[in-house]
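Okay, so here's the structure we're looking at.
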Amino acid sequence: MRPNLPFIHHYLHDVEIAFESIVGNKLKSFLTTLGIIFGVGAVISMMAIGRGAKQEIMDQIKMVGVNNIVIAPLDPEKAKEEEEEGSGSGSEKEQKGAVKFSPGLNQKDAMAIRQVLPHVLYLSSEAIVSGTLSANGLSKSGKMVGVDADYFRIFNLSVASGSFFTEQHQKEKMAVCVIGHNVRAKFFNKVPAIGSYIKFNDVWLKVIGVLQRVGAKSEYNDQIYIPINSFTLRYKARSGGSVFRLRGGGIVVSYSNSQSEAPVHELSRIIVQMEESGQLPVAQNVLSRMMVRRHQGVADVEVTVPELLLKQQQRSNDIFNIVLGAIAGISLLVGGIGIMNIMFASVMERTKEIGIRLAIGAKKVDVVAQFLAEAILISVTGGVIGVFLGVSLSFMIERMFQIQTLVSFWSILLSFMVSVAVGVIFGYAPARRASLRDPIESLRYE
4 MRPNLPFIHH YLHDVEIAFE SIVGNKLKSF LTTLGIIFGV GAVISMMAIG
54 RGAKQEIMDQ IKMVGVNNIV IAPLDPEKAK EEEEEGSGSG SEKEQKGAVK
104 FSPGLNQKDA MAIRQVLPHV LYLSSEAIVS GTLSANGLSK SGKMVGVDAD
154 YFRIFNLSVA SGSFFTEQHQ KEKMAVCVIG HNVRAKFFNK VPAIGSYIKF
204 NDVWLKVIGV LQRVGAKSEY NDQIYIPINS FTLRYKARSG GSVFRLRGGG
254 IVVSYSNSQS EAPVHELSRI IVQMEESGQL PVAQNVLSRM MVRRHQGVAD
304 VEVTVPELLL KQQQRSNDIF NIVLGAIAGI SLLVGGIGIM NIMFASVMER
354 TKEIGIRLAI GAKKVDVVAQ FLAEAILISV TGGVIGVFLG VSLSFMIERM
404 FQIQTLVSFW SILLSFMVSV AVGVIFGYAP ARRASLRDPI ESLRYE
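Residues 4 to 449, numbered by the working numbering, are exactly what the sequence shown covers, in order.
In structure tokens:
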């Protein structure tokens, strides 16, 4: 260990000279460092945005379920446009007597899918209505969702306490419900939820289950769920034969009677889960033709595969992230070129200093170490500041633009190591050039 001390002290002296040179030229060193600072900051923030977008898509895939097909009402305007594109203008259809009435998306469609479509693992109807929840002297706005028992299996939901409703609850159209985590926290924080009653609008429902918390901002936490048959009985029949008009997206807009010209939908959507993902394209095609046939040729629903759409979005995001990463990488490259240019200029400016060092006994390796240390110190300083800038930018982007960002340790480590590598790679050529200068010519240089 002892023989190595002079060796370490020798090269520490070269680093000290490099440090003194940087401190002696603060403005030039700072301007040289800016390229590295912005490059590292850009890499970290862009990677954080990319990871956040990927995580958000994965969360969405989990929310829509795996191998799912969703049949949902089209917006009336969109449905009208598609119908006109498929069968001519409205005036031409009226003249030919071809105006048709669609029963809208309903429970009979769900039953027909069960009978006709093979390889269906789970199937659930869904109807949503907004209203007021009340219990234990408290009230808040919320949503009630009418679903089949398969709904909870489709979306991998589990209960924290109690149980899901059974076939008996469904057949007998019982006034029971399963509530979300936040609903329990709001109304049953001090009393047991299971066996208690909660009122939605003017109907009391018995709580038989509480959902396990799903994420931080998931809508599952704020809703209550009842059997779809109970929903139809209590919220369709109670309106005197009227039904809810449900627009695309499933939110109740208003009541409408059967004489309305606009398509009236009993359900917000039907979710079909297939056994295997390879069955999705064929099943989607079959369901599309089946819905058109059952709805008298009226294109008032759309059949989509959310998982495929989200995966396409993920591929687009991956390409976008590659482009962002390339741009950030170019920033680092420009920063490295800036270091090399400044170091070449520094070699020219300090020619006489190099000559003096070589003349009094410094070796070529000492000159290389001096200028290489200077380049590395500049890049490392820029890397450290760039890391703080990148992390700060990521948090600012998330706060200001509501875009999820995820900063990882590996992105920080990678960016910092790249900044060090930039200093070594782009600092070596000027350092070697300085060491190869002739001491006599250097001393004569003016």
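All residues carry an ideal CB built from backbone N, CA and C; glycine is no exception.
Considering only residues of the same chain and omitting the five flanking positions on each side of residue i, which have a CB-CB separation below 8 angstroms?
i: Asn-109; result: His-268, Glu-269 and Leu-270
i: Leu-439; result: Lys-367
i: Phe-41; result: Ser-334, Gly-338, Gly-389 and Leu-392
i: Gln-124; result: Residue identity check: residue 124 is Leu in the sequence provided, not Gln. So the qualifying residues of the chain are Asn-70, Gln-276, Met-277 and Glu-278.
i: Phe-404; result: none
i: Leu-290; result: Ile-72, Ile-74, Ile-116, Leu-120, Val-275 and Val-306
i: Lys-174; result: Asn-232
Does DSSP put residue i in a helix, in a strand, or in coil?
i: Gln-276; result: strand
i: Gly-149; result: strand
i: Leu-327; result: helix
i: Ser-164; result: strand
i: Asn-288; result: helix
i: Phe-203; result: strand
i: Ser-233; result: helix
i: Ser-349; result: helix
i: Glu-59; result: helix
i: Glu-469; result: Residue coverage of the chain in this structure runs from 4 to 449, which leaves residue 469 outside it and unanswerable.
i: Glu-444; result: helix
i: Ser-305; result: Residue 305 is actually Glu in this sequence, not Ser. Glu-305: strand per DSSP, three-state reduction.
i: Leu-108; result: coil
i: Gly-339; result: helix
i: Leu-270; result: coil
i: Val-217; result: coil
i: Gly-430; result: helix
i: Leu-124; result: strand
i: Asn-320; result: helix
i: Leu-136; result: strand
i: Gln-460; result: Here the chain covers residues 4 to 449 and nothing more, so residue 460 does not appear.
i: Gly-44; result: helix
Please confirm whether residue i and residue j have their CB atoms less than 7 angstroms apart.
i: Tyr-223; j: Gly-165; result: no
i: Val-186; j: Ser-199; result: no
i: Gly-426; j: Ala-378; result: yes
i: Val-285; j: Ile-74; result: no
i: Cys-180; j: Leu-141; result: no
i: Ile-229; j: Ile-157; result: no
i: Asp-112; j: Ser-127; result: no
i: Gly-149; j: Phe-234; result: yes
i: Ala-163; j: Gln-215; result: yes
i: Gln-282; j: Ile-72; result: no
i: Ala-437; j: Phe-398; result: no
i: Val-217; j: Arg-237; result: no
i: Val-350; j: Pro-442; result: no
i: Gly-386; j: Ser-422; result: yes
i: Val-213; j: Ala-188; result: no
i: Gln-299; j: Ser-105; result: yes
i: Ile-39; j: Ser-382; result: yes
i: Asn-232; j: Lys-176; result: yes
i: Ile-357; j: Val-371; result: no
i: Val-132; j: Met-147; result: yes
Leaving out the 5 sequence neighbours to the left and right, which residues in its chain are closer than 6 angstroms to residue i when beta-carbon positions are compared?
i: Ala-56; result: Asn-320
i: Ser-137; result: Lys-202
i: Ser-414; result: Ile-47 and Met-50
i: Ala-45; result: Ala-331 and Ser-334
i: Phe-155; result: Phe-167
i: Arg-292; result: none
i: His-172; result: Val-179 and Pro-230
i: Ala-130; result: Gly-149, Phe-234, Leu-270 and Ser-271
i: Lys-143; result: Leu-136
i: Ser-418; result: Val-43, Val-46 and Ile-47
i: Arg-360; result: none
i: Ala-362; result: Pro-442
Ordered along the chain, which non-local residues of its own chain (more than five positions away) have a Cβ less than 7 angstroms from that of residue i?
i: Ser-500; result: With the chain running from 4 to 449 in the structure shown, residue 500 is simply not present.
i: Leu-409; result: Ala-51, Arg-54, Gly-55 and Gln-58
i: Val-18; result: Ala-376
i: Thr-1; result: Any property of residue 1 remains undetermined from this structure, which presents the chain solely from 4 to 449.
i: Leu-380; result: Ala-21, Phe-22 and Ile-25
i: Val-295; result: Ala-302
Check: Should the region 333-350 be called in touch with the region 35-44, which here means at least 3 C-beta pairs below 8 angstroms?
Finding: yes
Item checked: Whole alpha helix (DSSP H) elements within the region 358-428, 4-residue minimum -> 367-404
Check: Which whole runs of the alpha helix (DSSP H) in the region 162-196 are 4 residues long or more, in chain order?
Finding: 170-174 and 184-190
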